[in-house]
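Enquirer: Positions 1 to 456 (my numbering) are the ones given, in order, by the sequence shown.
Each residue gets a CB set at the ideal place from its N, CA and C atoms; glycine is no exception.
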Amino acid sequence: MKTLIQENYSVLKTKDSENEFDINDSCWVLSRDVKLNFLQFERKVSKYLLNRIKETLAYTAVNFSSAYTRKFFFAINKFVNFNKGVLKSFEYGVIKRFYNAYYKSSYTHVESLKYFLIKFHELHEELLNKEVLDLVSKWKIDKPNRTTGKIEKGISSRPLIEKELVGFLSKITERYNSGDINMKDYLMVMLMIYTGRRPMQIAQLKRKDLYSKNEVGYLKMPRIKQGGRFRSYFTEVKVGANLYDSLSKLKAVVKDFIENELDKKLSHEELENLPLFIDSYFFNVTYDLKKLYENNFTNLHMNSKKITERLKSVYRTVNDLNNDSMPTINSRQLRATLATRVAQKGYGLNVVAKVLDHTNLKSVLCYAKNNEEFSFRIDEAINDLILPYASSFLTTVNDTKQKINNDLMSIIKHTKTLISDYSEGPEVDTMSEFVSVIETKVISLINFSNNMDGEL
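1) Of all the options Asp16, Val34, Ser31, which has the alpha carbon lying nearest to the alpha carbon of asparagine 63?
2) For proline 222, which of helix, strand or coil comes out of DSSP?
3) Does the distance from the CB of alanine 203 to the CB of asparagine 330 come in under 8 Å?
4) For serine 89, which residues from the same chain have a beta carbon less than 7 Å from its beta carbon, with the 5 sequence-adjacent residues on both sides left out?
5) If distances are taken between C-alpha atoms only, which option among Lys119, Ala58, Lys84 comes closest to valine 11?
6) Spell out the partners DSSP gives lysine 206 in its beta bridges.
7) Give the secondary structure of tyrosine 233 by DSSP, where H, G and I count as helix, E and B as strand, and everything else as coil.
8) Can you list, in chain order, the residues of its chain whose CB lies under 6 Å from that of serine 31, leaving out five sequence neighbours each side?
9) Are the CB atoms of isoleucine 141 and valine 110 nearer to each other than 8 Å?
10) Using only CA atoms, which one of Ile193, Lys312, Ser178 lies nearest to valine 166?
11) Let me see if you follow: with CB-CB separation under 8 Å, is phenylalanine 297 close to chain B or not?
12) Which residue's Cα is closest to the Cα of asparagine 100: Lys84, Phe297, Phe79?
13) Assign serine 232 to buried or exposed, taking buried as 16 or more other Cβ atoms, counted over all protein chains shown, within 10 Å of its Cβ.
14) Please list the terminal residues of the continuous alpha helix (DSSP H) segment that includes asparagine 77.
15) Give a yes or no on whether the C-beta atoms belonging to valine 189 and tyrosine 218 are separated by under 8 Å.
16) To the nearest angstrom, how far is it from the Cα of phenylalanine 234 to the Cα of leucine 205?
17) Identify whether phenylalanine 116 lies in helix, strand or coil by the three-state DSSP scheme.
18) Measure the C-alpha to C-alpha separation of tryptophan 28 and lysine 13 and round it to an integer number of angstroms.
19) Using the Cβ count rule (16 or more neighbours within 10 Å means buried), how would you classify valine 45?
20) Under the rule that 16 or more other beta-carbon atoms within 10 Å means buried, what is tyrosine 315, buried or exposed?
21) Are the beta-carbon atoms belonging to tyrosine 102 and valine 132 less than 8 Å from one another?
22) Asparagine 19 by DSSP, collapsed to three states: which one?
23) Can you say whether alanine 75 is buried or exposed, counting buried as having 16 or more other CB atoms within 10 angstroms of its CB?
24) What's the C-alpha gap between threonine 147 and valine 342?
25) Which of helix, strand or coil does DSSP assign to asparagine 182?
26) By Cβ distance below 7 Å, which residues in the same chain neighbour histidine 301 in space, the five residues on each side in sequence not counted?
27) Closer than 8 Å is the cut-off here; do at least three beta carbon pairs connect the region 345-361 with the region 206-216?
28) My guess is that isoleucine 224 and arginine 198 are in contact by the Cβ rule of under 8 Å, so how many angstroms apart are they, rounded?
29) So for tyrosine 306, helix, strand or coil by DSSP?
30) Could you check which residue in Gly196, Ser313, Lys35, Val254 has the C-alpha nearest to that of aspartate 357?
31) Does the separation of the CB atoms of valine 318 and phenylalanine 168 fall below 8 Å?
32) Can you give the Cα-Cα distance for leucine 321 and threonine 328, rounded to whole angstroms?
33) Can you tell me whether asparagine 182 is buried or exposed, with buried defined as 16 or more other CB within 10 angstroms of its CB?
34) Just the C-alpha distance for asparagine 350 and glutamine 201, rounded to the nearest angstrom, thanks.
35) Helix, strand or coil, according to DSSP, for asparagine 37 in the structure here?
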């Protein structure tokens, strides 16, 4: 396997980030966000098995993504710790106990170990017997219902109400104007608030992504797709005039900073490929000039963790919070806030999905269901549609009532016909959710009607 990899690739390169790495190294840097340290495994895993594990992980990084490889890595780490910190082989009994212990409480690790072992068997068939393969292939993963969403708790997980959002924006601007917050932090937070994009998407922005057309400012925002290459997919996002002007100033600052640091003028192409938000820590130590230019300045990009840290730092600054343990804010809360504001204006789930850059409607329901006002609006809309039928129960006679019952049953029939058009793809769960709500309300009205025989 190792020979096969090295024959196909003169240098191992991660598929999504295109970072280069050596399979023999104890530490792999697969992307700005993914670094795998094998030193801990070298003390716990037999040398031969560790080499085969690394070959499988290398195959995953080259052919799939750094994020997928990281999932496998941490699943193996959890399995090793479960086995008292030792791993000489993948034993049937230990694997079975691991599943029984974690298939509910840590389903992501169980799922990742399952697919790692399947891939491991494909590449190293002699090291995993058929009994183990049959066992993991039958594993059922008890995932939480994504359409139900998590119960929102505390200030760090719920959408900001109007007053909180306006206050936060006002404080940020005030502290920026007074010099308490620097330009980079200010604009990072503003972009997360106004675009709803994730820290990783903000981190991937380059200078060339900011431009204008017909006197309107735009950002070419990178999309995040599992297995997709670094900056392979984009969406165009319109930017307000004031924000565009501020981002243009940052763009100029980045140019001046890098050219002063290098004491040379860069070409137009080099300047355009500089990050919009530079990781200034890169210059805090003696840096390798080769790494600066590597992969179109990839090493100059901030990682998502640092952007999250800056968001929390800004929040603590504007609210005069000194203790890191005090309530703070996160990017998901800002995304939920934007989703809520869009929904409150009467837009449907498809618009919310587009605003949040989701690829399907199913994942948007977790934002909608975790917001009481949004849920109420959906409920209210359904009630308004059925209200004429409900009110007619109070005055109609039996034959009319039967006709209404037939009409209500027809609603169920037609909504189920509607969902048949979505028999494939991620929208089916969303449509099922909608049909379920309709059916529940219609049946309750029919029961209400039938129970009124003695009263009409």
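Expert: Inspection of the coordinates gives the following:
1) Start at 1 with the first residue of the sequence shown, and residue 63 comes out as number 63. When only C-alpha atoms are compared, the closest one is Asp16.
2) To locate residue 222, count along the sequence shown from 1; it is residue 222. The answer is strand: DSSP assigns proline 222 an E or B state.
3) What you label residue 203 is simply residue 203 of the sequence shown in a count that begins at 1. What you label residue 330 is simply residue 330 of the sequence shown in a count that begins at 1. No, they are not a contact pair.
4) On the sequence shown, position 89 is the one that residue 89 refers to. Counting only Cβ-Cβ distances below 7 Å, and skipping sequence neighbours, we find Leu49.
5) Here residue 11 refers to the residue found at position 11 of the sequence shown. With distances taken between Cα atoms, valine 11 lies closest to Ala58.
6) Taking the sequence shown and counting its residues from 1, one reaches residue 206 at position 206. Lysine 206 is bridged by DSSP to Pro275.
7) As a first step, residue 233 must be located in the sequence shown, where it is residue number 233. Tyrosine 233 sits in coil when the DSSP states are folded into three classes, being neither helix nor strand.
8) Along the sequence shown, one-based indexing puts residue 31 at 31. Cβ within range, chain order: Ser17, Asn19, Ser66.
9) Taking the first residue of the sequence shown as position 1, residue 141 is located at position 141. Taking the first residue of the sequence shown as position 1, residue 110 is located at position 110. Yes, the Cβ-Cβ distance between isoleucine 141 and valine 110 is below 8 Å.
10) The residue labelled residue 166 in the question sits at position 166 within the sequence shown. Nearest Cα to valine 166 within the set Ile193, Lys312, Ser178: Ile193.
11) The structure shown contains no chain B, having only a single protein chain.
12) In the sequence shown, the residue the question calls residue 100 occupies position 100. Here the closest residue by C-alpha is Phe79.
13) The residue given as residue 232 occupies position 232 in the sequence shown. It counts as exposed.
14) Taking the first residue of the sequence shown as position 1, residue 77 is located at position 77. Start and end: 66-82.
15) Position 189 of the sequence shown holds residue 189. Position 218 of the sequence shown holds residue 218. Not in contact: valine 189 and tyrosine 218 (Cβ atoms no closer than 8 Å).
16) If you number the sequence shown from 1, residue 234 lands on position 234. If you number the sequence shown from 1, residue 205 lands on position 205. Approximately 10 Å between the Cα atoms of the pair.
17) For the purposes of this step, residue 116 is taken as residue 116 along the sequence shown, with counting starting at 1. Helix at phenylalanine 116.
18) For this step, residue 28 is matched to residue 28 along the sequence shown. For this step, residue 13 is matched to residue 13 along the sequence shown. Distance between the alpha carbons of tryptophan 28 and lysine 13 is about 11 Å.
19) Indexing the sequence shown from 1 puts residue 45 at position 45. Buried: at least 16 other Cβ atoms inside 10 Å.
20) Locating residue 315 in the sequence shown gives position 315, counting from the first residue. By the neighbour-count rule (16 or more Cβ atoms within 10 Å), tyrosine 315 is buried.
21) As a first step, residue 102 must be located in the sequence shown, where it is residue number 102. As a first step, residue 132 must be located in the sequence shown, where it is residue number 132. No, these two residues do not count as a Cβ contact at 8 Å.
22) If you number the sequence shown from 1, residue 19 lands on position 19. It is coil, neither helix nor strand.
23) By 1-based counting over the sequence shown, the position of residue 75 is 75. Alanine 75 is buried by the Cβ-count criterion.
24) For this step, residue 147 is matched to residue 147 along the sequence shown. For this step, residue 342 is matched to residue 342 along the sequence shown. The predicted model places threonine 147 with a pLDDT of 44, which falls under 50 and marks its position as unreliable, so this point remains unresolved.
25) Against the sequence shown, residue 182 aligns to sequence position 182. Coil, per DSSP.
26) The residue you call residue 301 lines up with position 301 of the sequence shown. Contacts found: Arg32, Ala203, Gln204, Pro275, Asp279.
27) Counting Cβ pairs under 8 Å, fewer than three are found: no touch.
28) Numbered from 1 along the sequence shown, position 224 holds the residue referred to as residue 224. Numbered from 1 along the sequence shown, position 198 holds the residue referred to as residue 198. Between isoleucine 224 and arginine 198 the beta-carbon gap is near 6 Å, inside 8 Å, which marks them as a contact.
29) For the purposes of this step, residue 306 is identified with residue 306 of the sequence shown, where counting begins at 1. As written in the sequence, residue 306 is lysine, which differs from the tyrosine given in the question. In the structure shown, lysine 306 sits in a helix (DSSP, three-state: H, G or I).
30) As a working mapping, residue 357 is identified with position 357 in the sequence shown. The shortest Cα separation from aspartate 357 among Gly196, Ser313, Lys35, Val254 belongs to Gly196.
31) As a position in the sequence shown, residue 318 is number 318, starting the count at 1. As a position in the sequence shown, residue 168 is number 168, starting the count at 1. Yes, the pair counts as a contact, with Cβ atoms nearer than the cut-off.
32) On the sequence shown, position 321 is the one that residue 321 refers to. On the sequence shown, position 328 is the one that residue 328 refers to. Roughly 9 Å between the two C-alpha positions.
33) Taking the first residue of the sequence shown as position 1, residue 182 is located at position 182. So asparagine 182 counts as exposed.
34) As a first step, residue 350 is located in the sequence shown; it is residue number 350 there, counting from the start. As a first step, residue 201 is located in the sequence shown; it is residue number 201 there, counting from the start. CA-CA distance, asparagine 350 to glutamine 201, rounds to 21 Å.
35) Taking the first residue of the sequence shown as 1, we reach residue 37 at position 37. Here asparagine 37 sits in strand by DSSP.
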